[in-house]
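Before any comments, here is the structure.
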Amino acid sequence: MAFFNQICRSFSTSSVRNVVIKHVTIIGGGQMGAGIAQVAASTGHSVMLVDTSDDILKKSIKGIEGSLKRVAKKKFADKPEAGQEFIQKVLSNVSTSSDARASVQGADLVLEAIVENLKIKQGIFGALDKVAPAHTIFASNTSSLPITDIASSTSRLDRFGGLHFFNPVPMMKLVEVIGTSATSQETFDSLMNFSKALGKTPVSCKDTPGFIVNRLLVPYMMEAIRLHERGHGSKEDIDIAMKLGAGYPMGPFELLDYVGLDTAKFIMDGWSAMDSGNPLFAQSELLNKLVAEGKFGKKTGEGFYKYK
Ligand SMILES: NC(=O)c1ccc[n+]([C@@H]2O[C@H](COP(=O)([O-])OP(=O)(O)OC[C@H]3O[C@@H](n4cnc5c(N)ncnc54)[C@H](O)[C@@H]3O)[C@@H](O)[C@H]2O)c1
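Under our numbering, think of the first position of the sequence shown as 15, with each following residue one higher.
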């Protein structure tokens, strides 16, 4: 049966063999979308960056320019003109649009990095599926939602996968490439090759909650909070212990503040709704309290620690 399914799949995708991804449309110009746009443009891809307004897109481009300046300062320390040339060349590879539907014409890949909300992601992919070329691969950068559920709003299940980048994208080498049970081998290979073309190291993941990294990291961070809640260690000592004892660059509370407590809670809420009996996904009163108080971590000036 598996063999039969495979044959059917390869017939259904026979016109879409190993798409070489050159033109990328990125939906969402926030932290992740702008970072992915920067890396794709720096590696010679043509990028169309899409967000809901021109004002947001101006900020995204400004952010990319600022980040490129820091790269240029290091890379061309003795040659400021070459650095300036590098920045202009990369920026010339990026166009912007607030019209998502018009932006996908000519795209080999539509990569979505918008708000972590299933209905909104399904809505945008459903609309783009009707207007994107047949060969265009769709991918989501979701951290916690099943790719299968997002893809279900489209009719290109064989050309749909996950590309999960890490923050900050220009610095972090890993990309998790997620294939669903319907993703064709050609699509999966194209996504792996694209990740390598970005200078990243891809790993292959199944469409399971948290893929690899977050599936291990989020329960670890939650257990650190529970350990502290049980009175078995101060947050400072737990952070020191994991840095000096396990060699981690950040302790779990520092990492939670960096990731965002709201994001951690959002992921945990989703997973405990999917698998409520799993003790790894148990709620934390302390995390819930901090989030209710708007203490999301570094971005709000306070989380487990204060940053003001
Ligand atoms: N922040 C992280 O550390 C991280 C890491 C990996 C993956 N992710 C995932 O990446 C995605 C984006 O996260 P982020 O941190 O960049 O969020 P963000 O809030 O910084 O950016 C989201 C952007 O999407 C835009 N947007 C919202 N709806 C839109 C629409 N319909 N059309 C076009 N643009 C729209 C928003 O205006 C915003 O600029 C989420 O799915 C998140 O789970 C985040």
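Glycine included, each C-beta is placed from N, C-alpha and C at the ideal position.
Excluding five sequence neighbours on each side, which residues of the same chain lie with their C-beta closer than 8 Å to the C-beta of residue i?
i: Ala141; result: Ala114 and Arg115
i: Asp221; result: Pro160, Ile161, Thr162, Gly176, Ile192, Gly193, Thr194 and Ser195
i: Asp289; result: Pro223 and Phe295
i: Tyr234; result: Pro266
i: Asp253; result: Met264, Gly265, Pro266, Phe267 and Glu268
i: Ser74; result: Gly43, Gly44, Gly47, Ala48, Ala51, Leu63, Asp65 and Thr110
i: Ser169; result: Asp143
i: Ile226; result: Glu190, Val217 and Cys219
i: Gln136; result: Asp163, Ile164, Ser166 and Ser167
Cα separation between residue i and residue j?
i: Ile151; j: Ala96; result: 35 Å
i: Pro184; j: Leu105; result: 15 Å
i: Pro263; j: Lys313; result: 20 Å
i: Val43; j: Ile128; result: Note that residue 43 corresponds to Gly in the displayed sequence, not to Val. Looking at the two C-alpha atoms, the distance is approximately 8 Å.
i: Val145; j: Thr215; result: 31 Å
i: Val53; j: Ser158; result: 23 Å
i: Lys88; j: Leu300; result: 41 Å
i: Ile40; j: Glu126; result: 6 Å
i: Ile281; j: His149; result: 32 Å
i: Tyr319; j: Val305; result: 13 Å
i: Gln297; j: Gln119; result: 44 Å
i: Ser117; j: Leu230; result: 36 Å
i: Asn292; j: Asn228; result: 16 Å
i: Lys85; j: Ser204; result: Here the sequence assigns Val to residue 85, which means Lys is not the residue at that position. Computed Cα separation, rounded: 28 Å.
i: Lys303; j: Asn181; result: 25 Å
i: Gly245; j: Leu270; result: 19 Å
i: Ser248; j: Met186; result: 29 Å
i: Ile35; j: Thr277; result: 30 Å
i: Gln20; j: Glu250; result: Model confidence at Gln20 stands at a pLDDT of 43, short of 50, so the residue's coordinates are unreliable and nothing is read from them.
i: Asp92; j: Lys83; result: 14 Å
i: Gly58; j: Ser209; result: 13 Å
i: Leu188; j: Gly308; result: 30 Å
i: Pro147; j: Ser154; result: 17 Å
i: Tyr272; j: Glu130; result: 17 Å
i: Ser166; j: Glu99; result: 43 Å
i: Asp122; j: Glu190; result: 19 Å
i: Ser286; j: Lys279; result: 10 Å
i: Ala255; j: Pro94; result: 43 Å
i: Gln102; j: Lys76; result: 13 Å
i: His178; j: Ile134; result: 18 Å
i: His242; j: Phe90; result: 46 Å
i: Phe174; j: Val232; result: 25 Å
i: Ser112; j: Leu132; result: 21 Å
i: Gly261; j: Val124; result: 37 Å
Cutting at 7 Å between CB atoms, please list the residues of its own chain near residue i, excluding the five before and the five after it.
i: Tyr321; result: Lys312 and Gly315
i: Ser334; result: Only positions 15 to 322 of the chain appear in this structure, which leaves residue 334 out of reach.
i: Phe310; result: Gly274, Leu275, Asp276 and Gly317
i: Ala211; result: Thr57
i: Ile138; result: Ile41, Ala114, Glu126 and Ile128
In chain order, what residues of the same chain have a beta carbon less than 6 Å from the beta carbon of residue i, not counting five sequence neighbours either side?
i: Thr156; result: none
i: Ser60; result: His37 and Asn107
i: Asn207; result: none
i: Lys257; result: Gly265
i: Gly284; result: Ser158
i: Asn32; result: Glu200, Asp203 and Ser204
i: Ala55; result: Val61, Val104, Asn107 and Val108
i: Ile78; result: Ala48 and Gln52
Could you tell me whether any non-hydrogen atom of ligand 2 is closer than 7 Å to the CB of residue i?
i: Phe179; result: Ligand 2 is absent from the structure shown, which contains only ligand 1.
What ranges does the beta strand (DSSP E) occupy inside the stretch 45 to 111, keeping only unbroken runs of at least 3 residues that lie completely in it? 60 to 64 and 108 to 111
Runs of alpha helix (DSSP H) lying entirely within the stretch 127 to 207, each at least 4 residues, in chain order: 132 to 145 and 161 to 165
Counting beta carbon pairs with one atom in the stretch 67 to 74 and one in the stretch 225 to 242, are three or more of them shorter than 8 Å? no
Run through the stretch 198 to 252 for me and flag every whole alpha helix (DSSP H) of 4 or more residues, listed as ranges in chain order. 199 to 211 and 227 to 243
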